[in-house]
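First up is the structure itself, then whatever we jot down about it.
Residue numbers (our numbering), protein chains in the order written: chain G, 464 to 594; chain S, 1264 to 1546.
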């Protein structure tokens, strides 16, 4: 079964930590990618993911999380897209993405904010944990 | 109103090189114009010729001095030269007026003072010096008129001293306009330079925030994972959370300047390189 959460982030530590947090807290598997190229190589089951967490700044001269989002839209991915950004909340491209209904979260997000995102996307998992 | 007050509080001066050029023109005028004044007045009975010659000599010395200082003009020196030359011209006119009034039946009064008023605003290196110049020509002449005997006053044509006073007022208005324009131009330049600095600061803060936020996020997630463990030291977790909150408050301060940023750059960039470039003023 394909992991329900996909995480695109250039920081190795953050990929490891978020994967562990989602696993421990919600029992969710997370598939991580460090670059746009790896992400768009479209490994099996990527399109089946329910939640895409996309970092916006992926490094100097690299394609951004916005490009990854556009790629997902062009492929008709049904999952929820959530941007993570440390600085670019006011960037016109990010605002544009926000206007069409994507969620933009500003780093550092608290674990409780992550809970809310998971609750919206996987209500069954959330209730299982709370109960 | 406040703007006008601020304008009057700050003496507006020309840049030293332009002030040098203006005052240099003034000293040349003194040097060349006063012999002309002597030439015009030489046949008037009782005309004190030596004042015009003395003023011309002051003009010559000032011209030479300014030429020697042309590469390193200093505003204080330029102001002093302007003052000395305007004073010498004004005194020449004041000291020769009486001979013109008593020696000539047809004399258009105070032409030198009127011309001096107009010239003093054109070559003034600063607002204050220009005001002093206008007063030395028009103001002093009006004052001199009232010090003349009633006989001399009766020999002066109709309308004086009010025509000379009107020249003084008009000159003051032109002087104020000239320097208020310069003052506004400077304020605009200052505002532009301040805005550019703010943009640089905002960009530096943005890079700092981007550098800070990933480690902060890692700390947040690490604390979240620690709290999930049964053996977690809750007191220690609380202390770590407070430390993260403190760093987040710094982040919030940096965030306030985000409105200054022009987002005409790629959304993906190397924050470290960008910060380095901003600090080295390469942007």
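In this text, a Cβ means the ideal position worked out from N, Cα and C, and glycines have one as well.
Whose Cβ in chain G lies nearer than 9 Å to the Cβ of residue i?
i                       : result
residue 1553 of chain S : In this structure chain S extends from 1264 to 1546, so residue 1553 of chain S is not present and cannot be described.
residue 1501 of chain S : Result: empty, since nearest Cβ-Cβ is about 14 Å, beyond 9 Å.
residue 1525 of chain S : Within 9 Å Cβ-Cβ: nothing; residue 1525 of chain S doesn't reach chain G, min ~10 Å.
Which whole-angstrom value describes the C-beta separation of residue i and residue j, a residue pair presumed to lie in contact below a C-beta threshold of 8 Å?
i                       : j                       : result
residue 574 of chain G  : residue 1483 of chain S : 7 Å
residue 1424 of chain S : residue 1285 of chain S : Actually they are not in contact, since the Cβ atoms of residue 1424 of chain S and residue 1285 of chain S sit about 28 Å apart, beyond 8 Å.
residue 1467 of chain S : residue 1541 of chain S : 4 Å
residue 1520 of chain S : residue 1458 of chain S : That pair is no contact at about 12 Å.
residue 572 of chain G  : residue 1502 of chain S : Not really, about 21 Å apart at Cβ, beyond 8 Å.
residue 543 of chain G  : residue 570 of chain G  : About 18 Å separates the two Cβ atoms, so there is no contact after all.
residue 1359 of chain S : residue 1304 of chain S : 6 Å
residue 585 of chain G  : residue 467 of chain G  : 7 Å
Would you mind telling me which residues of chain S sit closer than 7 Å to residue i, beta carbon to beta carbon, in chain order?
i                      : result
residue 483 of chain G : 1488
residue 521 of chain G : 1531
residue 565 of chain G : Within chain S, no residue comes near residue 565 of chain G; the closest Cβ sits about 14 Å away, beyond 7 Å.
residue 573 of chain G : 1483
residue 476 of chain G : 1481
Would you mind telling me which residues of chain S sit closer than 9 Å to residue i, beta carbon to beta carbon, in chain order?
i                      : result
residue 526 of chain G : 1531
residue 561 of chain G : Near residue 561 of chain G there are no residues of chain S at all, since even the closest Cβ is about 13 Å away, more than 9 Å.
residue 471 of chain G : Correct list: empty, because the minimum Cβ distance to chain S is about 12 Å.
Do you know whose CA, among the options, lies nearest residue i's CA?
i                       : options                           : result
residue 1556 of chain S : S:1333, S:1420 and S:1347         : It is not possible to answer for residue 1556 of chain S, since the shown part of chain S is limited to 1264 through 1546.
residue 470 of chain G  : G:541, G:487, G:526 and G:545     : G:545
residue 1474 of chain S : S:1535, S:1518, S:1498 and S:1503 : S:1535
residue 541 of chain G  : G:494, G:515 and G:578            : G:515
residue 1319 of chain S : S:1342, S:1295 and S:1411         : S:1295
residue 554 of chain G  : G:528, G:578 and G:512            : G:528
residue 1390 of chain S : S:1437, S:1309 and S:1409         : S:1437
residue 1533 of chain S : G:510, G:492 and G:524            : G:524
residue 1471 of chain S : S:1408, S:1291, S:1515 and S:1324 : S:1515
residue 1289 of chain S : S:1324, S:1303, S:1304 and S:1311 : S:1324
residue 1430 of chain S : S:1452, S:1442 and S:1405         : S:1405
residue 1344 of chain S : S:1504, S:1396, S:1450 and S:1334 : S:1396
residue 1333 of chain S : S:1407, S:1498 and S:1283         : S:1283
residue 1384 of chain S : S:1371, S:1370 and S:1401         : S:1401
residue 1399 of chain S : S:1419, S:1428 and S:1420         : S:1428
residue 1463 of chain S : S:1493, S:1446, S:1517 and S:1477 : S:1517
residue 503 of chain G  : G:488, G:536 and G:561            : G:536
residue 1476 of chain S : S:1500, S:1508 and S:1493         : S:1508
residue 1478 of chain S : S:1510, S:1293, S:1403 and S:1330 : S:1510
residue 1469 of chain S : S:1411, S:1538 and S:1448         : S:1538
residue 1236 of chain S : S:1293, S:1454 and S:1361         : Residue 1236 of chain S lies beyond the stretch modelled for chain S, which goes from 1264 to 1546, so this question has no answer here.
residue 482 of chain G  : G:577, G:539, G:561 and G:583     : G:577
residue 1422 of chain S : S:1433, S:1408, S:1435 and S:1434 : S:1408
Show which residues of chain G have a CB atom less than 7 Å away from the CB atom of residue i.
i                       : result
residue 1491 of chain S : 487 and 488
residue 1519 of chain S : Going along chain G, no residue has its Cβ under 7 Å from residue 1519 of chain S, so there is no contact; the nearest lies around 12 Å.
residue 1206 of chain S : Lying outside 1264 to 1546, the shown extent of chain S, residue 1206 of chain S is not represented and no answer is given.
Under 8 Å between beta-carbons, which chain G residues line up against residue i? List them in chain order, please.
i                       : result
residue 1340 of chain S : The premise fails here: residue 1340 of chain S is roughly 52 Å from chain G at the closest Cβ pair, so nothing lies under 8 Å.
residue 1536 of chain S : 523
For a contact meaning CB atoms closer than 8 Å, what does residue i contact in chain S?
i                      : result
residue 517 of chain G : Neighbours of residue 517 of chain G on chain S: none; closest Cβ ~11 Å, over 8 Å.
Contact set between the segment 1448-1479 of chain S and chain G, restricted to residues whose Cβ is under 7 Å from the partner: If the cut-off is 7 Å between Cβ atoms, the segment 1448-1479 of chain S has 1469, 1472, 1473, 1476, 1477 and 1479 near chain G.
Do three or more CB pairs link the segment 1348-1364 of chain S to the segment 1373-1391 of chain S at distances below 8 Å? yes
Is there contact here, the segment 1335-1351 of chain S with the segment 1274-1289 of chain S, by at least three beta-carbon pairs under 8 Å? yes
Could you tell me whether the segment 1360-1368 of chain S touches the segment 1409-1429 of chain S, where touching means 3 or more Cβ pairs closer than 8 Å? yes
Using a Cβ-Cβ cut-off of less than 7 Å, list which residues of the segment 529-544 of chain G approach chain S; keep chain order. 529
The segment 503-520 of chain G / the segment 548-562 of chain G touching (three or more Cβ pairs under 8 Å): yes
Stretch-stretch touch, CB-based, cutoff 8 Å, three pairs: the segment 497-513 of chain G with the segment 473-481 of chain G: By the Cβ rule, the segment 497-513 of chain G counts as touching the segment 473-481 of chain G, because three or more pairs are nearer than 8 Å.
Counting pairs of Cβ atoms below 8 Å between the segment 555-574 of chain G and the segment 526-533 of chain G, do you hit three or more? Yes, since at least three Cβ pairs between the segment 555-574 of chain G and the segment 526-533 of chain G fall closer than 8 Å, the two stretches touch.
Listed from N- to C-terminal order along the chain, which residues in the segment 489-514 of chain G have their beta-carbon within a distance smaller than 7 Å of any beta-carbon of chain S? none
Touch test, the segment 1485-1494 of chain S against the segment 1444-1462 of chain S, Cβ-Cβ under 8 Å, three pairs minimum: no
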